[in-house]
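The block underneath contains the structure these notes are about, expressed in structure tokens.
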Amino acid sequence: MVRFRKQSVYLSIFTLIIICVYGAAAPVCRAAQPTAPPENTELFPVYDLIKPNVTFWTNVFTQYTRAQGLVHDMENLSIIYEEIKLDPAKTKEAALANKAIKKNALEKYSTILTTLSKGKVPETPMEKKVAALFPNKTKPEAFGQAAKRVRVQTGLKEHFMEGIIRSGALIDEFKMIIKSYGLPEDLAYLPCLESAYNIQTYSKCGAAGLWQFTHYTGKMFMDIDDVVDQRRDPIVSTHGAARLLKKNHDKLQNWPMAITAYNHGLSGMSRAKDKHKTYPEIYTNYRSRSFGFASRNFYPEFIAARQVAKNYVNYFGNITLDKPGQKTRYKVKGYVAAKDIVRKLPVDLETLQAMNPAFREPVFDGRKHIPPGQTLYLPKHISPDLLDKTLGPLYQTAQRPTPFHRVVRGDTASSIAKAYQVPLKDLIALNGLGKKAVVHVGRTLKIPQIK
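Note that the numbering used here gives residue 198 to position 200 of the sequence shown, counting from 1, and the numbers run on in steps of one.
Here it is as structure tokens:
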């Protein structure tokens, strides 16, 4: 799941490479290091105006770890004010400490840039270093605008490398699926960017799975309900992603735009194309509340991710990729209980659950059956013939029922959960209520079942 104004052409990488070091403890102010972007290609062009972004993200993916942060300009990614040290521990305490470190860095450089915006000659060493990152005769108001564009990017080296390792188990099949829709197979590198090929990935906005579909978009291409979430099925979701990307490209007729639409939405990119015509013009001039840093950088990030993933040995050495797992795929023909499957077949419940991440918890704790038409993944030694013989007598004619509640005046999600003695988070998730968990009078809500 996972949204800037053109600098002068004189801002070339070569004129921006300024390294300022004042002792071991002094911050580093410099332009991005010149990792060469890939050459232009017909399908995925690397326009000159996004090359600094491609360089930036290539470095973030391959050089900087989660113990490092880059304080940079959001609009001109060649401008890096400082490399800061972060706590790499994956703890709540480390997260709070890093938040404070980043806040201090943002305030520090915003203050310096605000001072420069007053038109005074730089006086302190830090003011001189920051001013040197901008072209000569930069107008004071430009520094004022830059003061609002300071951002910190945490390094992603470990995260990205782990994603490449995981991709080994799936990417060849993903490429075949994508090609079957008449699309370029390199789109299979998008999950490196979206989820680092981690099936467990959930975003803050509720996007799920390798391809990070939101609930709304996912429902257009796959099953998502209280029993199954096919966003978490690697194969089904890849078919969904291919269909979405094809839809984007059919409408926009341009891969940079179609890929950006994967993040920003097709409607938004269609409006941008109607107004600005070409990707470079959109990148330079398109402004909307939702077309922020993430959307504007999505295509350059894809180019960088694709380059790194295709040439991973050059960046990470001879790492060993995961191998495709051997498994049996079987489409069930009726409702069947997971407990009956493990009772009759040589597979335990833990393995069944691990191999079938699209089935929700109620399937495995007995509250719901696996529905007909769903693909069941099992160890390779369990053959389709054995499944035909074994599952036939186990099929049920109907799903286990779900209790409902009709919302009346005065109801809240919290009061309903309390009345039925169910976890509030389960009620919210089951009904897709969102962060605010708003319920409207007359709506019928599904009630999570108690184990």
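Just so you know, even glycine gets a beta-carbon here, dropped at the ideal spot from N, CA and C.
Assign Gly117 to one of two classes, buried (16 or more other C-beta atoms within 10 Å of its C-beta) or exposed (fewer than that). Taking the first residue of the sequence shown as position 1, residue 117 is located at position 119. Per the 10 Å Cβ criterion, exposed.
Only counting the same chain, and skipping five residues up and downstream in sequence, which positions put a Cβ closer than 6 Å to that of Arg229? For the purposes of this step, residue 229 is identified with residue 231 of the sequence shown, where counting begins at 1. Taken in chain order, the residues that qualify are Ala206, Gly207, Phe211, Gly216, Ser235.
Pick out whichever of Val420, Pro138, Leu250 has its Cα sitting closest to the Cα of Pro120. One-based indexing of the sequence shown puts residue 120 at position 122. Considering only alpha carbons, the answer is Pro138.
Quick check on Glu81: does DSSP put it in helix, strand or coil? Taking the first residue of the sequence shown as position 1, residue 81 is located at position 83. Residue state, collapsed to three classes: strand.
Is Leu75 buried or exposed, if buried means 16 or more other CB atoms sit within 10 Å of its CB? Here residue 75 refers to the residue found at position 77 of the sequence shown. The residue is buried, with at least 16 neighbouring Cβ atoms inside 10 Å.
Would a C-beta distance cut-off of 8 Å place Ile99 and Ile110 closer than the cut-off? Walking along the sequence shown from the start, residue 99 turns up at place 101. Walking along the sequence shown from the start, residue 110 turns up at place 112. It is not a contact, given that the beta carbons lie outside the stated cut-off.
Do you know whose CA, among Leu154, Lys173, Ala130, Ser286, lies nearest Glu299's CA? Along the sequence shown, read from residue 1 onward, the residue named residue 299 stands at position 301. Checking every option, the nearest Cα to that of Glu299 belongs to Leu154.
Would you mind reading off the limits of the alpha helix (DSSP H) that contains Val340? On the sequence shown, residue 340 is found 342 positions in, with the first residue counted as 1. From DSSP, the alpha helix (DSSP H) with Val340 extends over 336 to 342.
For the structure I just gave you, are there three or more beta carbon pairs, one from the stretch 263 to 281 and one from the stretch 196 to 203, closer than 8 Å? no
My output table needs one value for Asp224: the three-state DSSP class, helix, strand or coil. Within the sequence shown, the letter at position 226 stands for residue 224. Coil at Asp224, not helix or strand.
With a 10 Å radius around its C-beta and 16 neighbouring C-beta atoms as the bar for buried, classify Leu417 as buried or exposed. By one-based count along the sequence shown, residue 417 stands at place 419. Here residue 417 is Ala; the residue named in the question, Leu, does not match the sequence. By the 10 Å Cβ count, Ala417 comes out exposed.
For the stretch 327 to 337 against the stretch 366 to 380, do three or more pairs of beta-carbon atoms, one drawn from each stretch, fall closer than 8 Å, so that the two count as touching? yes
Okay, do the stretch 352 to 366 and the stretch 216 to 227 touch, 3+ Cβ pairs below 8 Å being the bar? yes
Using only the alpha-carbon positions, how far apart do Trp55 and Gln394 sit? Here residue 55 corresponds to residue number 57 of the sequence shown, with the count starting at 1. Here residue 394 corresponds to residue number 396 of the sequence shown, with the count starting at 1. Between Trp55 and Gln394, the C-alpha separation is close to 52 Å.
Limits of the alpha helix (DSSP H) - the one that Lys512 falls within: Because the chain in this structure spans residues -1 to 449, residue 512 falls outside the shown range and cannot be described.
Would you check if the stretch 296 to 316 and the stretch 59 to 77 touch, i.e. whether three or more CB-CB distances between them fall below 8 Å? yes
Sort Lys308, His274, Asp71, Ile222 by Cα distance to Phe291 and report the nearest one. Locating residue 291 in the sequence shown gives position 293, where the first residue counts as 1. Checked all of Lys308, His274, Asp71, Ile222; the closest Cα to Phe291 is Asp71.
Are Leu243 and Lys325 touching if we call contact CB-CB under 8 Å? The residue given as residue 243 occupies position 245 in the sequence shown. The residue given as residue 325 occupies position 327 in the sequence shown. It is not a contact, given that the beta carbons lie outside the stated cut-off.
Please confirm whether Gly332 has its beta-carbon closer than 8 Å to some beta-carbon of chain D. In the structure shown, chain D cannot be found, because there is only a single protein chain.
Among all the DSSP beta bridges, which residues are the ones paired with Leu372? On the sequence shown, position 374 is the one that residue 372 refers to. The sequence shown places Gln at residue 372, rather than the Leu named in the question. Gln372 is not bridged to any residue.
Straight-line CA distance for Gly430 to Tyr277? Counting from one through the sequence shown, the residue named residue 430 turns up at place 432. Counting from one through the sequence shown, the residue named residue 277 turns up at place 279. So the alpha carbons of these two residues sit roughly 34 Å apart.
For Val52 and Val150, believed in contact at Cβ under 8 Å, the rounded distance: Within the sequence shown, residue 150 is the residue found at index 152, counting from 1. Within the sequence shown, residue 52 is the residue found at index 54, counting from 1. No, Val150 and Val52 are not in contact; Cβ-Cβ is about 20 Å, not under 8 Å.
State the Cα-Cα distance for the pair Ile380 and Ile169, rounded to the nearest angstrom. Translated into positions along the sequence shown, residue 380 becomes position 382. Translated into positions along the sequence shown, residue 169 becomes position 171. Between Ile380 and Ile169, the alpha-carbon positions lie close to 24 Å from each other.
Using the Cα positions of Gly142 and Met255, report the straight-line distance between them to the nearest angstrom. Here residue 142 refers to the residue found at position 144 when the sequence shown is read from its first residue. Here residue 255 refers to the residue found at position 257 when the sequence shown is read from its first residue. Cα to Cα, Gly142 sits roughly 31 Å from Met255.
For Thr152, the first and last residue of its enclosing beta strand (DSSP E): Walking along the sequence shown from the start, residue 152 turns up at place 154. Run containing Thr152: 148 to 152, per the beta strand (DSSP E) assignment.
Using a threshold of 8 Å, state whether the C-beta atoms of Val405 and Val436 are closer than that. Along the sequence shown, one-based indexing puts residue 405 at 407. Along the sequence shown, one-based indexing puts residue 436 at 438. Result no, Cβ atoms of Val405 and Val436 do not sit closer than 8 Å.
For Ala145, which residues from the same chain have a beta carbon less than 6 Å from its beta carbon, with the 5 sequence-adjacent residues on both sides left out? Walking along the sequence shown from the start, residue 145 turns up at place 147. Hits under 6 Å: Ser108, Leu111, Thr112.
Expressed to the nearest angstrom, what Euclidean distance is found between the alpha-carbon atoms of Leu392 and Lys444? The residue labelled residue 392 in the question sits at position 394 within the sequence shown. The residue labelled residue 444 in the question sits at position 446 within the sequence shown. Leu392 and Lys444: Cα-Cα distance of roughly 27 Å.
Who pairs with Lys444 in a beta bridge, going by DSSP? Here residue 444 corresponds to residue number 446 of the sequence shown, with the count starting at 1. Partner residues in the beta bridge of Lys444, as assigned by DSSP, are Phe402.
Give the DSSP bridge partners of Phe211, in chain order. On the sequence shown, residue 211 is found 213 positions in, with the first residue counted as 1. Ala206.
Assuming Leu181 contacts Ala240 under a Cβ cut-off of 8 Å, what Cβ separation, rounded to an integer in Å, is found between them? Taking the first residue of the sequence shown as 1, we reach residue 181 at position 183. Taking the first residue of the sequence shown as 1, we reach residue 240 at position 242. Indeed, because the Cβ distance is near 6 Å, the residues count as touching under 8 Å.
Looking at the structure shown, is Thr266 part of a helix, part of a strand, or coil, going by DSSP? Numbered from 1 along the sequence shown, position 268 holds the residue referred to as residue 266. Per the sequence shown, residue 266 should be read as Gly rather than Thr. DSSP places Gly266 in helix when its eight states are reduced to three.
Can you tell which of Gly364, Leu385, Ile414, Asp383 has the C-alpha that lies nearest to the C-alpha of Arg398? Here residue 398 refers to the residue found at position 400 when the sequence shown is read from its first residue. The candidate whose alpha carbon is nearest that of Arg398 is Gly364.
Tell me which residues share the same chain as Thr411 and place their Cβ nearer than 7 Å to its Cβ, disregarding the 5 neighbours each side in the sequence. Translated into positions along the sequence shown, residue 411 becomes position 413. Correcting the residue type first, residue 411 is Ala in the shown sequence and not Thr. Here the set comprises Leu422, Leu425, Ile426, Leu431, Ala435, Val437.
Would DSSP call Thr109 helix, strand or coil? In the sequence shown, residue 109 corresponds to position 111, counting from 1. Helix at Thr109.
Does Met174 pass the burial test, meaning 16 or more other C-beta atoms within 10 Å, or should it be called exposed? Counting from 1 along the sequence shown, the entry for residue 174 is found at position 176. With a 10 Å radius around the Cβ and a threshold of 16 neighbouring Cβ atoms, Met174 comes out exposed.
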